[in-house]
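Chemist:
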Amino acid sequence: MPTPPRPVFELKDVEKVFQVRKPGQRFGRKTVGLRALDGVRLSVEQGASLALVGESGSGKSTLLRVLLGLDAPTDGQARYRGRPIRAVRDEGADFARDVAMVYQDARGSLNPRMTVGALIAEPLRRFAVVPAPEIGARVATLLTRVGLPADAAGRYPAALSGGQVRRVAIARALASDPSVLVADEAVSGLDVSTQAQLLTLLRRLQQDMGLTLVFITHDLGVASFLCEQIAIMYLGRIVETGPTDAVLTSPAHPYTAALRDAAPKFFEPIAEPLPGEIPSPLDLPSGCRFSGRCPRVQPDCHARDPHLARSRTRSVTRSVACLHPLAPVDGAGPVAPANPGPAPEQTRPD
Amino acid sequence: MNLLSIDALTVDRGTARILDRVSLDVARGETVALVGESGAGKSTIATAIMRLLGDARISGSIALADAGDLLALREPDMVRLRGRRLSMIFQDAGAALNPAYTVGAQLVSAVRRNLGLGKRDAHARAVELMTQVGINDPEARLSAYPHQLSGGMQQRVMVAIALAADPDLLLADEPTSALDVTIQAQIVRLILAQTRARGAACIFVLHDLALASQACDSVVVLYAGQVVESGPVRDVLDNARHPYTRQLKSCVLEIGRDDLVAPEGTVPSHEDMPAGCRFATRCPRAQDRCWADAPPLETARGSHRFACWNPE
Numbered sequence: 001m002p003t004p005p006r007p008v009f010e011l012k013d014v015e016k017v018f019q020v021r022k023p024g025q026r027f028g029r030k031t032v033g034l035r036a037l038d039g040v041r042l043s044v045e046q047g048a049s050l051a052l053v054g055e056s057g058s059g060k061s062t063l064l065r066v067l068l069g070l071d072a073p074t075d076g077q078a079r080y081r082g083r084p085i086r087a088v089r090d091e092g093a094d095f096a097r098d099v100a101m102v103y104q105d106a107r108g109s110l111n112p113r114m115t116v117g118a119l120i121a122e123p124l125r126r127f128a129v130v131p132a133p134e135i136g137a138r139v140a141t142l143l144t145r146v147g148l149p150a151d152a153a154g155r156y157p158a159a160l161s162g163g164q165v166r167r168v169a170i171a172r173a174l175a176s177d178p179s180v181l182v183a184d185e186a187v188s189g190l191d192v193s194t195q196a197q198l199l200t201l202l203r204r205l206q207q208d209m210g211l212t213l214v215f216i217t218h219d220l221g222v223a224s225f226l227c228e229q230i231a232i233m234y235l236g237r238i239v240e241t242g243p244t245d246a247v248l249t250s251p252a253h254p255y256t257a258a259l260r261d262a263a264p265k266f267f268e269p270i271a272e273p274l275p276g277e278i279p280s281p282l283d284l285p286s287g288c289r290f291s292g293r294c295p296r297v298q299p300d301c302h303a304r305d306p307h308l309a310r311s312r313t314r315s316v317t318r319s320v321a322c323l324h325p326l327a328p329v330d331g332a333g334p335v336a337p338a339n340p341g342p343a344p345e346q347t348r349p350d
Numbered sequence: 001m002n003l004l005s006i007d008a009l010t011v012d013r014g015t016a017r018i019l020d021r022v023s024l025d026v027a028r029g030e031t032v033a034l035v036g037e038s039g040a041g042k043s044t045i046a047t048a049i050m051r052l053l054g055d056a057r058i059s060g061s062i063a064l065a066d067a068g069d070l071l072a073l074r075e076p077d078m079v080r081l082r083g084r085r086l087s088m089i090f091q092d093a094g095a096a097l098n099p100a101y102t103v104g105a106q107l108v109s110a111v112r113r114n115l116g117l118g119k120r121d122a123h124a125r126a127v128e129l130m131t132q133v134g135i136n137d138p139e140a141r142l143s144a145y146p147h148q149l150s151g152g153m154q155q156r157v158m159v160a161i162a163l164a165a166d167p168d169l170l171l172a173d174e175p176t177s178a179l180d181v182t183i184q185a186q187i188v189r190l191i192l193a194q195t196r197a198r199g200a201a202c203i204f205v206l207h208d209l210a211l212a213s214q215a216c217d218s219v220v221v222l223y224a225g226q227v228v229e230s231g232p233v234r235d236v237l238d239n240a241r242h243p244y245t246r247q248l249k250s251c252v253l254e255i256g257r258d259d260l261v262a263p264e265g266t267v268p269s270h271e272d273m274p275a276g277c278r279f280a281t282r283c284p285r286a287q288d289r290c291w292a293d294a295p296p297l298e299t300a301r302g303s304h305r306f307a308c309w310n311p312e
């Protein structure tokens with residue numbers, strides 16, 4: 001029997017600690033550790049589409065840097081097809097060729113002094129994707145694939161609109177024929193009609209090319225349109241993950257529910273917002289780190305720190321890091337304060 | 001009588017016509033949303049009301065109750081209106097606040113200038129305003145510099161400064177689009193509560209139609225510098241007559257939506273603006289007449305108006 005294919009990305013208890021200057025002191029050299037990622041577990045299978053959702057400071061960008069091998073985890077394991085990401089990355093260009101990236105600031109990611117044609121030809125040449133004489137034809141194919149006219153090749157990024165610039169960034173990412181596309185807020189800050197055009201494009205590309213997609217977004221509507229799986233982050237942790245439809249239809253974590261309710265909905269009254277703001281990662285509340293803002297907080301939430309508990313219900317994997325989840329999720333149901341419950345991952349003494 | 005009445009406001013910059021005969025009314029205490037895509041002229045309208053458009057050529061009129069046509073006022077008279085009867089908050093509160101002064105200095109200076117209070121009274125009023133906009137420990141926060149506050153806190157300070165003198169009209173230009181969703185809900189509710197408590201009217205520049213439907217009484221849809229549809233929010237967003245309004249609404253991705261038909265094309269540039277209806281190049285219902293003649297604003301029902309030859 002063949003072994004099942006390894007996940008594209010597998011993170012096990014990944015921690016990322018940055019040393020930052022101790023707050024309050026201006027000139028001193030004392031530093032403290034800022035835990036940007038704290039025990040992140042994540043698995044991305046071949047062909048999957050995963051949305052990473054969270055507010056500023058939740059650790060999305062740090063997670064992205066770990067996935068791309070730009071930062072080594074301080075602790076835990078980050079693997080790409082079974083091998084440590086940093087090692088694979090150091091070996092040569094194969095990783096960069098297989099894992100393509102679309103940056104949030106698409107315009108900033110493109111050299112303003114190169115034409116669109118030259119920008120897209122660059123990865124073709126770098127990775128020797130096609131023989132030199134065929135580069136022009138391949139550039140034209142890529143432009144068509146992302147819905148840009150052929151004459152765009154001769155133009156400079158400054159002459160393009162925001163939506164067109166994002167298309168160029170996508171074409172450039174697809175040039176190396178990657179199997180994985182990682183996109184950071186690739187459709188944010190655009191007009192809704194342009195956003196709709198890019199989202200339908202990305203969905204078609206994902207289906208046609210069988211791309212594995214990791215999509216960072218703060219927009220749950222975008223996540224539910226584009227991605228089968230979703231991971232909700234809060235303060236360096238994944239607090240809930242599972243199939244997007246299931247998670248958004250019946251959120252198990254109160255934070256997921258709050259995010260869903262905060263998204264504007266036609267003619268509904270504006271939802272009661274969460275109180276306060278995301279706390280500083282240098283000054284975490286004791287117990288559950290959402291406890292300070294949670295509308296359903298219980299006394300034990302201030303004492304015990306819930307960890308992501310995996311469960312499998314009718315072949316659907318959902319996990320939640322909450323002592324009192326809203327929706328019944330196997331293995332993560334309400335736990336009596338006196339009895340920590342059988343799930344070993346549920347609480348971990350720190 | 002309306003608080004604000006804009007009639008045939010036209011703004012040209014160079015050869016580009018940025019706003020074309022825009023008319024809209026704002027009643028006292030009303031909340032109006034200006035929606036549309038970038039380049040539609042939403043922010044230009046707000047900036048024109050504050051008369052901060054610089055060297056653009058402006059025609060038409062902007063009548064404010066008890067002040068007359070703002071475009072005809074001398075600058076010193078306009079200076080007296082800004083902050084007292086009209087005030088504005090911007091998308092990027094961090095850039096709107098002066099980084100070299102504490103937020104307290106900026107709030108107190110607004111209070112002193114607009115209310116003519118002495119130092120001590122102004123400070124007390126500043127503390128009161130900070131409390132009203134939901135800032136805990138206002139005394140301590142007043143001595144903070146803008147960079148020491150989060151984006152949501154900065155926007156709260158902007159709201160406090162804008163509302164310091166109880167203006168009749170608050171202009172909010174995308175006040176929450178740089179903020180996280182949970183903070184967005186806080187700020188929108190804050191602006192609505194504080195303007196309602198003061199009986200002030202509010203013009204929200206928004207790109208999110210769903211948010212407009214939640215926050216506003218009426219909505220004005222702009223396309224390429226023209227009003228294409230306007231009226232009570234239910235009429236415009238639930239029973240849109242203009243194809244552009246329908247298209248804009250169909251692009252809003254609510255959670256769980258799986259169907260999305262992306263509209264073709266983009267807004268035409270000022271050089272290639274069609275002679276007739278400006279939306280003709282992207283309109284699924286365009287007819288010969290649409291290319292030749294610009295449709296006038298017609299009344300559908302009550303104050304619901306639209307500009308289309310072939311309405312839905």
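Chains as they are written, first to last, in the UniProt record's numbering: chain A, 1 to 350; chain B, 1 to 312. Note that CB positions come from ideal geometry on N, CA and C, so glycine has one too. No experiment lies behind these values; they were computed from the predicted model shown.
Show which residues of chain A have a CB atom less than 7 Å away from the CB atom of alanine 185 (chain B).
Modeler: Sequence index remark: in the second sequence, residue 185 (chain B) carries index 185 (1-based). Ala262, Ile270, Ala271, Pro273, listed in chain order.
Chemist: Say whether chain B places a C-beta atom closer than 8 Å to the C-beta of glycine 221 (chain A).
Modeler: For the purposes of this step, residue 221 (chain A) is identified with residue 221 of the first sequence, where counting begins at 1. Closer than 8 Å to some Cβ of chain B, the Cβ of glycine 221 (chain A) qualifies, so yes.
Chemist: Which chain B residues are close to residue 352 (chain A), counting only those with a beta carbon under 8 Å from its beta carbon?
Modeler: The requested residue 352 (chain A) does not occur in the structure, where chain A is confined to residues 1 to 350.
Chemist: Using 8 Å as the cut-off, can you tell me whether the stretch 165-172 of chain B makes contact with the stretch 132-140 of chain B, which would need three or more C-beta pairs spanning the two stretches below that distance?
Modeler: Judged by Cβ distances under 8 Å, the stretch 165-172 of chain B makes no contact with the stretch 132-140 of chain B, as fewer than three pairs qualify.
Chemist: Run through chain B and tell me which residues come within less than 9 Å of residue 357 (chain A), C-beta to C-beta.
Modeler: Limits of chain A in this structure are 1 at one end and 350 at the other, which puts residue 357 (chain A) out of reach.
Chemist: List the whole-angstrom C-beta distance separating residue 314 (chain B) from serine 193 (chain A), where the pair is believed to meet the contact cut-off of C-beta under 8 Å.
Modeler: As displayed, chain B neither begins before 1 nor continues past 312, which places residue 314 (chain B) out of reach and without an answer.
Chemist: Taking only the alpha-carbon atoms, compute the straight-line gap between phenylalanine 18 (chain A) and aspartate 238 (chain B) and give it to the nearest angstrom.
Modeler: Within the first sequence, the letter at position 18 stands for residue 18 (chain A). Within the second sequence, the letter at position 238 stands for residue 238 (chain B). Each residue's alpha carbon lies about 50 Å from the other.
Chemist: Can you list, in chain order, the residues of the stretch 200-228 of chain B whose Cβ is nearer than 8 Å to any Cβ on chain A?
Modeler: The residues in question are His207, Asp208, Leu209, Ala210, Leu211, Ser213, Gln214, Ala215.
Chemist: If you pair each beta-carbon of the stretch 242-251 of chain A with each one of the stretch 259-279 of chain B, do three or more pairs fall below 8 Å?
Modeler: Not touching, per the Cβ criterion.
Chemist: Give the secondary structure of phenylalanine 27 (chain A) by DSSP, where H, G and I count as helix, E and B as strand, and everything else as coil.
Modeler: Counting from one through the first sequence, the residue named residue 27 (chain A) turns up at place 27. Three-state DSSP puts phenylalanine 27 (chain A) in coil, outside helix and strand.
Chemist: Which residues, taken in chain order from the stretch 184-217 of chain A, show a beta carbon closer than 9 Å to some beta carbon of chain B?
Modeler: Against chain B - using a Cβ distance shorter than 9 Å - the residues of the stretch 184-217 of chain A are Gly189, Leu190, Asp191, Val192, Ser193, Thr194, Gln195, Ala196, Gln197, Leu198, Leu199, Thr200, Leu201, Arg203.
Chemist: For lysine 12 (chain A), report the span of its beta strand (DSSP E) as first-last.
Modeler: Residue 12 (chain A) sits at position 12 when you count from the first residue of the first sequence. 9-21 is the span of the beta strand (DSSP E), which, as asked, contains lysine 12 (chain A).
Chemist: Starting from the beta carbon of aspartate 272 (chain B), find every residue of chain A whose beta carbon is closer than 8 Å, and list them in chain order.
Modeler: Numbered from its first residue, the second sequence carries residue 272 (chain B) at position 272. Near aspartate 272 (chain B) there are no residues of chain A at all, since even the closest Cβ is about 14 Å away, more than 8 Å.
Chemist: Report yes if the C-beta distance between leucine 103 (chain B) and proline 146 (chain B) is below 8 Å; otherwise report no.
Modeler: For the purposes of this step, residue 103 (chain B) is identified with residue 103 of the second sequence, where counting begins at 1. For the purposes of this step, residue 146 (chain B) is identified with residue 146 of the second sequence, where counting begins at 1. Checking the displayed sequence, the identity of residue 103 (chain B) turns out to be valine instead of leucine. Cβ distance < 8 Å, so valine 103 (chain B) and proline 146 (chain B) count as in contact.
Chemist: Going residue by residue through the stretch 210-234 of chain B, where are the continuous beta strand (DSSP E) segments of at least 3 residues, counting only ones entirely within it?
Modeler: Within the stretch 210-234 of chain B, the complete beta strand (DSSP E) runs of at least 3 residues are 218-223, 226-232.
Chemist: Using the three-state DSSP reduction, which class does tyrosine 156 (chain A) fall into: helix, strand or coil?
Modeler: The residue given as residue 156 (chain A) occupies position 156 in the first sequence. DSSP places tyrosine 156 (chain A) in coil when its eight states are reduced to three.
Chemist: Under a CB-based cut-off of 8 Å, is proline 146 (chain B) close to chain A?
Modeler: In the second sequence, residue 146 (chain B) corresponds to position 146, counting from 1. Closer than 8 Å: no.
Chemist: With H, G and I counted as helix, E and B as strand and the rest as coil, what does DSSP make of histidine 304 (chain B)?
Modeler: Working through the second sequence from its first residue, we reach residue 304 (chain B) at position 304. Reduced to three states, the DSSP call for histidine 304 (chain B) is strand.
Chemist: Examine chain B for any beta-carbon lying closer than 8 Å to the beta-carbon of serine 161 (chain A), and answer yes or no.
Modeler: Here residue 161 (chain A) corresponds to residue number 161 of the first sequence, with the count starting at 1. Interface residue, yes.
Chemist: Go to glycine 76 (chain A), then tell me how far its alpha helix (DSSP H) extends in each direction, as first and last residue.
Modeler: Position 76 of the first sequence, counted from the first residue, corresponds to residue 76 (chain A). Segment 75-80 is the beta strand (DSSP E) holding glycine 76 (chain A); no alpha helix (DSSP H) there.
Chemist: Just to confirm the assignment: which complete beta strand (DSSP E) runs, minimum length 3, are found wholly within the stretch 172-197 of chain A?
Modeler: Taking only runs of at least 3 residues, the beta strand (DSSP E) segments lying wholly in the stretch 172-197 of chain A are 180-184.
Chemist: Round the Cβ separation of histidine 242 (chain B) and valine 228 (chain B) to the nearest angstrom and send it over; I've been treating them as touching at under 8 Å.
Modeler: Within the second sequence, the letter at position 242 stands for residue 242 (chain B). Within the second sequence, the letter at position 228 stands for residue 228 (chain B). The Cβ separation is near 5 Å, so the contact holds.
Chemist: When the cut-off is 8 Å and only beta carbons count, does leucine 248 (chain A) lie next to chain B?
Modeler: Reading the first sequence from its first residue, position 248 is the one you call residue 248 (chain A). Yes, because at least one Cβ of chain B sits closer than 8 Å to the Cβ of leucine 248 (chain A).
Chemist: Identify the continuous beta strand (DSSP E) that holds aspartate 55 (chain B) and give its terminal residues.
Modeler: Numbered from 1 along the second sequence, position 55 holds the residue referred to as residue 55 (chain B). Where aspartate 55 (chain B) is concerned, there is no enclosing beta strand (DSSP E), given that its DSSP letter is neither H nor E.
Chemist: For a contact meaning CB atoms closer than 7 Å, what does serine 56 (chain A) contact in chain B?
Modeler: Translated into the one-based positions of the first sequence, residue 56 (chain A) becomes position 56. The contacting residues are Asp180.
Chemist: Determine the extent of the alpha helix (DSSP H) in which glutamate 75 (chain B) is found, giving its start and end residues.
Modeler: Taking the first residue of the second sequence as position 1, residue 75 (chain B) is located at position 75. Taken as a continuous stretch (DSSP letters only), the alpha helix (DSSP H) holding glutamate 75 (chain B) covers 75-81.
Chemist: Run through DSSP, which three-state label would phenylalanine 90 (chain B) get?
Modeler: Locating residue 90 (chain B) in the second sequence gives position 90, counting from the first residue. If DSSP states are grouped into helix, strand and coil, phenylalanine 90 (chain B) belongs with coil.
Chemist: Among residues of its own chain, excluding the 5 on either side of residue 328 (chain B), which ones have a beta-carbon nearer than 6 Å to its beta-carbon?
Modeler: Shown here, chain B extends from 1 to 312; a query on residue 328 (chain B) therefore has no answer.
Chemist: So, is serine 286 (chain A) buried or exposed, given that buried needs 16 or more other C-beta atoms within 10 angstroms?
Modeler: Reading the first sequence from its first residue, position 286 is the one you call residue 286 (chain A). It counts as exposed.
Chemist: Who does tyrosine 234 (chain A) pair with in a DSSP beta bridge?
Modeler: For the purposes of this step, residue 234 (chain A) is identified with residue 234 of the first sequence, where counting begins at 1. Tyrosine 234 (chain A) pairs with A:Arg237.
Chemist: Quick one: does aspartate 7 (chain B) have its CB under 8 Å from some CB of chain A?
Modeler: In the second sequence, residue 7 (chain B) corresponds to position 7, counting from 1. No, no contact with chain A.
Chemist: When DSSP labels each residue in this structure, what does arginine 17 (chain B) get in the three-state scheme?
Modeler: Taking the first residue of the second sequence as position 1, residue 17 (chain B) is located at position 17. Looking at arginine 17 (chain B) - three-state DSSP - the assignment turns out to be strand.
Chemist: Run through the DSSP bridge pairs and tell me what glutamate 298 (chain B) is partnered with.
Modeler: The residue given as residue 298 (chain B) occupies position 298 in the second sequence. Bridge partners of glutamate 298 (chain B): B:Phe306.
Chemist: Find the residues of chain B that neighbour phenylalanine 266 (chain A), judging by a C-beta separation of less than 9 Å, and give them in chain order.
Modeler: Residue mapping note: residue 266 (chain A) aligns to position 266 of the first sequence, counting from 1. Under the 9 Å cutoff, chain B gives Leu209, Ala210, Ser213, Gln214, Leu237, Asp238, Lys249, Val252, Glu254.
Chemist: List the residues of chain A whose Cβ lies closer than 8 Å to the Cβ of glycine 152 (chain B), in chain order.
Modeler: Taking the first residue of the second sequence as 1, we reach residue 152 (chain B) at position 152. Ordered by position in chain A, the residues that pass the 8 Å Cβ test against glycine 152 (chain B) are Glu277.
Chemist: For the candidate residues B:Val261, B:Ala262, B:Ala240, whose alpha-carbon lies nearest to that of glutamate 312 (chain B)?
Modeler: For this step, residue 312 (chain B) is matched to residue 312 along the second sequence. The shortest Cα separation from glutamate 312 (chain B) among B:Val261, B:Ala262, B:Ala240 belongs to B:Ala240.
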